[in-house]
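Quick note: the sequence shown, position 34, residue 63 per my numbering, numbers continuous. Every residue, glycine too, gets a C-beta built ideally from N, C-alpha and C. Okay, so here's the structure we're looking at.
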Amino acid sequence: MAAMMTNVKCVIVGDGAVGKTCLLISYTTNAFPEDYIPTVFDNYSANVMVDGKPINLGLWDTAGQEDYDRLRPLSYPQTDVFLVAFSLISRPSYENVKQKWFPELKHHCPNCPFILVGTKLDLRSDGTTVAKLRQQNQTPISLEEGQEMAKTIGATKTGIGPLQAVCMAWSD
């Protein structure tokens with residue numbers, strides 16, 4: 030007899046242009062989108078196996094821009110796990126994890142697990158990107174800073190891929 034498919038709802042939040050959509054498209058299609066198109070809301074789906082059980086992972090992409098602050102929480106009901114994304118080359122997006130995203134999720138879904146995801150890792154060591162940051166007296170977010178933020182906000186799972194962590198957080 031075939032195992033029943035379990036549905037897991039995962040919502041990704043974070044500032045605009047941090048790479049949320051790119052992460053989800055890359056995971057679900059194995060293709061890297063070249064152009065930035067701001068998202069309002071979008072859904073993706075992936076079938077995965079967790080501990081030998083089939084899971085349909087529903088991935089909900091949200092808008093990070095302030096214009097959508099009142100609309101975005103409409104996607105939160107029945108969420109099983111959140112991804113909180115920030116760009117490793119954007120200190121404001123990193124600071125907003127604690128200032129905006131963590132409080133928003135704790136207000137709307139106080140008992141839902143969440144996973145902190147640093148995006149754009151490839152640009153953290155890119156010479157042009159680092160030079161631009163240096164001109165603004167900034168540096169990329171370090172591994173230690175990311176780990177400290179995860180600890181500060183009580184994020185689950187560290188050191189593994191974000192969508193693998195989604196399944197692990199859900200199954201715990």
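Flag this pair as yes or no: are the beta carbons of Ile118 and Leu88 separated by less than 8 angstroms? no
So who's on the other strand from Thr158, going by DSSP bridges?
For Thr158, which the question treats as bridged, DSSP gives no partner whatsoever.
ask   = Is there contact between the segment 141-154 and the segment 59-70, where contact requires at least three CB pairs shorter than 8 angstroms?
value = no
Roughly how many angstroms lie between the CA atoms of Val77 and Val146, to the nearest whole one?
-> 20 angstroms
* To do: Use the C-beta contact count for Ile66: other C-beta atoms within 10 angstroms, 16 or more gives buried, fewer gives exposed.
  => exposed
Item to complete: Measure from the alpha carbon of Asn125 to the alpha carbon of each residue in Val110, Gln94, Cys138, then state which is nearest.
Response: Gln94
Range covered by the beta strand (DSSP E) that runs through Pro83
82-91
**Request:** Give the straight-line distance between the Cα atoms of Thr35 and Cys51, rounded to the nearest whole angstrom.
**Result:** 25 angstroms
Status (buried if at least 16 other CB within 10 Å, exposed otherwise) for Ser200: With a pLDDT of 49 at Ser200, under the threshold of 50, the modelled position of that residue is not reliable, and the figure given next carries that caveat. Counting Cβ neighbours within 10 Å, Ser200 comes out exposed, since fewer than 16 surround it.
Those residues which DSSP pairs with Thr108 across a bridge: BP columns for Thr108 are empty, so no partner.
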